[in-house]
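J.: My questions will all concern the structure given below.
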Amino acid sequence: MAFCLNRMGSGTLHPLAPPMSTASFYRSALAECNGQAQRLRNKMNGLAVVRLLLFAAFIYSIVLLTRGFSPLVMMLVLVLFAAFLFSVNVYYRLKDQRSLQEQLARLNTNELSVLDGDLNGFSDGAIYLDSEGYLDDLDIFGKRSLFHALNRTTTSHGEQAFSGLMRNSLLSPEAILAQQEAVRALAAQPTQRQLLTAKGLLAGEAAGNLDNIQSWLDGPTVLYQRKGLRILINILTVFNLGTAYYYLSSNNYTPFLIGALISWGITGSYTKYISQQHLLIARKQSILDQYAGILAVFNTVSIADSATLKQLHSQTEDAHKAIRQLSKLTSFFDQRLNVLVNIAFNTLFFYDLRCLTALERWKIAHRSRFPQWVATVGSIECLNSPGRFCV
Numbered sequence: 001m002a003f004c005l006n007r008m009g010s011g012t013l014h015p016l017a018p019p020m021s022t023a024s025f026y027r028s029a030l031a032e033c034n035g036q037a038q039r040l041r042n043k044m045n046g047l048a049v050v051r052l053l054l055f056a057a058f059i060y061s062i063v064l065l066t067r068g069f070s071p072l073v074m075m076l077v078l079v080l081f082a083a084f085l086f087s088v089n090v091y092y093r094l095k096d097q098r099s100l101q102e103q104l105a106r107l108n109t110n111e112l113s114v115l116d117g118d119l120n121g122f123s124d125g126a127i128y129l130d131s132e133g134y135l136d137d138l139d140i141f142g143k144r145s146l147f148h149a150l151n152r153t154t155t156s157h158g159e160q161a162f163s164g165l166m167r168n169s170l171l172s173p174e175a176i177l178a179q180q181e182a183v184r185a186l187a188a189q190p191t192q193r194q195l196l197t198a199k200g201l202l203a204g205e206a207a208g209n210l211d212n213i214q215s216w217l218d219g220p221t222v223l224y225q226r227k228g229l230r231i232l233i234n235i236l237t238v239f240n241l242g243t244a245y246y247y248l249s250s251n252n253y254t255p256f257l258i259g260a261l262i263s264w265g266i267t268g269s270y271t272k273y274i275s276q277q278h279l280l281i282a283r284k285q286s287i288l289d290q291y292a293g294i295l296a297v298f299n300t301v302s303i304a305d306s307a308t309l310k311q312l313h314s315q316t317e318d319a320h321k322a323i324r325q326l327s328k329l330t331s332f333f334d335q336r337l338n339v340l341v342n343i344a345f346n347t348l349f350f351y352d353l354r355c356l357t358a359l360e361r362w363k364i365a366h367r368s369r370f371p372q373w374v375a376t377v378g379s380i381e382c383l384n385s386p387g388r389f390c391v
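Everything in the sequence shown is counted per our numbering, starting at 1 for the first residue and increasing by one.
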């Protein structure tokens with residue numbers, strides 16, 4: 001990495017002027033991202049019309065069912081509902097792809113602005129300034145500092161790891177060479193480097209942190225150990241579905257009401273535990289997707305001859321799949337805040353208990369490795385940031 005220091009005025013740090021091909025690369029990438037984003041918007045607009053038609057047909061089929069029960073109409077209701085859910089799923093997949101292209105565009109716009117002498121849009125590390133130390137005098141942190149020029153981290157672990165490197169530089173020749181080798185390997189893969197950063201940017205600034213998840217991981221498991229309860233839940237779910245069908249076909253609601261009261265009695269006995277667990281793991285989908293996305297891209301990075309990258313690869317393996325699974329489970333659990341989902345699904349399927357059982361199953365399988373996974377994300381971002389300036 002090569003830099004020149006400008007000590008005129010307050011003192012600023014600028015990267016050496018890159019070749020014209022660098023600016024051309026960013027302009028070309030920006031145009032491609034904008035084009036891809038527009039094409040995805042067009043697809044989403046068309047799919048929105050399809051969703052509306054499917055939803056209207058679904059509502060109409062419900063009206064027909066209320067006028068007179070028929071197995072054929074019931075089947076139509078289920079098919080239309082499934083089609084509507086499928087269209088929603090496809091819509092959100094396209095939305096995620098569009099968001100990724102928009103973040104790549106934002107990233108390329110930032111790099112072009114930096115080349116023109118504007119401030120880097122990433123954190124300047126001002127929170128790490130310490131008036132009692134020497135770092136202030138060296139412009140390590142703060143506006144137009146070394147950290148500000150280099151930083152491309154998007155997670156709290158990444159920023160902490162990179163700021164730690166700025167505060168305590170590597171001293172061992174072997175460690176320095178290994179770090180340089182890893183940075184060079186990443187620098188040679190600009191597309192993957194940008195994807196690493198863009199995946200991190202998808203979470204947004206309000207994603208929060210993973211502190212509560214660690215508290216949840218350290219806690220005991222209650223439901224998954226109770227095999228008898230899990231068997232009972234499965235039996236009662238079949239009973240509830242059967243009585244619901246019987247109610248629709250005969251208008252006799254007594255068996256259904258009995259099943260519903262039993263379901264709510266069992267779920268209600270765990271209300272305190274359910275609420276405590278939800279407080280620890282609620283609304284974590286975005287930040288979990290952020291970490292999973294970074295790890296998924298990192299798995300596609302060529303490690304070349306870098307021992308550091310090879311070690312990081314060995315630490316993560318299929319970590320992104322496990323974290324993505326946790327993200328989906330937390331998202332499902334968050335749906336309990338929806339009143340309709342809470343009432344209907346807890347009545348029929350023991351929704352809260354099933355979600356918690358699945359979460360506890362994940363905890364037992366992966367909690368020992370989770371801290372290393374998130375720490376590895378920090379290490380990846382720490383290596384990725386200076387890759388932009390490797391010459």
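Ideal placement from N, C-alpha and C gives every residue a C-beta, glycine not left out.
If you're wondering where the values come from, they're calculated on a predicted model, not measured in any experiment.
Near Ala-23, what residues of its chain come up, given a Cβ to Cβ distance below 6 Å and the 5 sequence neighbours on each side ignored?
T.: On the sequence shown, position 23 is the one that residue 23 refers to. Here the set comprises Leu-115.
J.: Would the beta-carbon of Asn-108 fall within 7 Å of that of Tyr-224?
T.: Sequence index remark: in the sequence shown, residue 108 carries index 108 (1-based). Sequence index remark: in the sequence shown, residue 224 carries index 224 (1-based). For the 7 Å CB-CB criterion, Asn-108 and Tyr-224 do not form a contact.
J.: Mind reading off the beta-carbon distance from Thr-330 to Ile-364? Whole number of angstroms is fine, and I expect it under 8 Å.
T.: Position 330 of the sequence shown, counted from the start, is the residue given in the question as residue 330. Position 364 of the sequence shown, counted from the start, is the residue given in the question as residue 364. Not really, about 16 Å apart at Cβ, beyond 8 Å.
J.: Where does Phe-81 sit, in a helix, a strand or coil, going by DSSP?
T.: Your numbering for residue 81 matches position 81 in the sequence shown. Helix at Phe-81.
J.: Please report how far the alpha carbon of Leu-202 lies from the alpha carbon of Arg-98, in whole angstroms.
T.: Residue mapping note: residue 202 aligns to position 202 of the sequence shown, counting from 1. Residue mapping note: residue 98 aligns to position 98 of the sequence shown, counting from 1. Between Leu-202 and Arg-98, the C-alpha separation is close to 11 Å.
J.: Just how far apart, CA to CA, sit Asn-384 and Lys-328?
T.: Taking the first residue of the sequence shown as 1, we reach residue 384 at position 384. Taking the first residue of the sequence shown as 1, we reach residue 328 at position 328. Taking the straight line joining both Cα atoms gives about 27 Å.
J.: Helix, strand or coil: which one does DSSP assign to Val-374?
T.: Start at 1 with the first residue of the sequence shown, and residue 374 comes out as number 374. The answer is helix: DSSP assigns Val-374 an H, G or I state.
J.: Could you compute how far the alpha carbon of Tyr-273 sits from the alpha carbon of Asn-234?
T.: Position 273 of the sequence shown, counting from 1, holds the residue named residue 273. Position 234 of the sequence shown, counting from 1, holds the residue named residue 234. Here the alpha carbons of Asn-234 and Tyr-273 stand approximately 20 Å from one another.
J.: Once you ignore the five residues that flank Gly-435 on each side, which residues in its own chain have a CB closer than 6 Å to its CB?
T.: Here the chain has residues from 1 to 391 only, and residue 435 is not among them.
J.: Could you tell me whether the segment 248-258 touches the segment 302-314, using the rule of 3 or more Cβ pairs below 8 Å?
T.: Taking a cut-off of 8 Å for Cβ pairs, the segment 248-258 and the segment 302-314 do not touch, as fewer than three such pairs fall below it.
J.: Can you tell me which of Leu-326, Tyr-351 and Ile-258 puts its alpha carbon nearest to the alpha carbon of Gly-242?
T.: One-based indexing of the sequence shown puts residue 242 at position 242. That would be Ile-258, whose Cα lies nearest to the Cα of Gly-242.
J.: CB Thr-347 to CB Ser-275, shorter than 7 Å?
T.: For the purposes of this step, residue 347 is taken as the residue at position 347 of the sequence shown. For the purposes of this step, residue 275 is taken as the residue at position 275 of the sequence shown. No.
J.: Beta carbon of Ser-28, beta carbon of Leu-54: below 7 Å?
T.: Taking the first residue of the sequence shown as 1, we reach residue 28 at position 28. Taking the first residue of the sequence shown as 1, we reach residue 54 at position 54. No, these two residues do not count as a Cβ contact at 7 Å.
J.: Roughly how many angstroms lie between the CA atoms of Asn-42 and Phe-333, to the nearest whole one?
T.: Counted from its first residue, the sequence shown places residue 42 at position 42. Counted from its first residue, the sequence shown places residue 333 at position 333. Cα to Cα, the separation comes out at about 32 Å.
J.: What is the DSSP secondary structure of Thr-66, reduced to helix, strand or coil?
T.: The sequence position of residue 66 within the sequence shown is 66, counting from 1. In the structure shown, Thr-66 adopts helical secondary structure according to DSSP, grouped into three states.
J.: In the DSSP assignment, find the unbroken alpha helix (DSSP H) run with Asn-251 in it and report its ends.
T.: If you number the sequence shown from 1, residue 251 lands on position 251. No alpha helix (DSSP H) contains Asn-251, which DSSP labels as neither H nor E.
J.: Under a three-way DSSP split, which group does Glu-317 fall into?
T.: In the sequence shown, the residue the question calls residue 317 occupies position 317. Three-state DSSP puts Glu-317 in coil, outside helix and strand.
J.: Can you tell which of Asp-289, Leu-171 and Ser-269 has its C-alpha closest to the C-alpha of Leu-326?
T.: Taking the sequence shown and counting its residues from 1, the one referred to as residue 326 is at position 326. For the residues Asp-289, Leu-171 and Ser-269, the minimum Cα distance to Leu-326 belongs to Asp-289.
J.: Tell me whether Pro-386 is buried or exposed, calling it buried when 16 or more other Cβ atoms sit within 10 Å of its Cβ.
T.: As a first step, residue 386 is located in the sequence shown; it is residue number 386 there, counting from the start. With 16 or more Cβ atoms within 10 Å of its Cβ, Pro-386 is classed as buried.
J.: Alpha carbon to alpha carbon, how far is Pro-71 from Ala-57? Give it in angstroms, no decimals.
T.: Position 57 of the sequence shown, counted from the first residue, corresponds to residue 57. Position 71 of the sequence shown, counted from the first residue, corresponds to residue 71. Whole-angstrom Cα-Cα distance: 17 Å.
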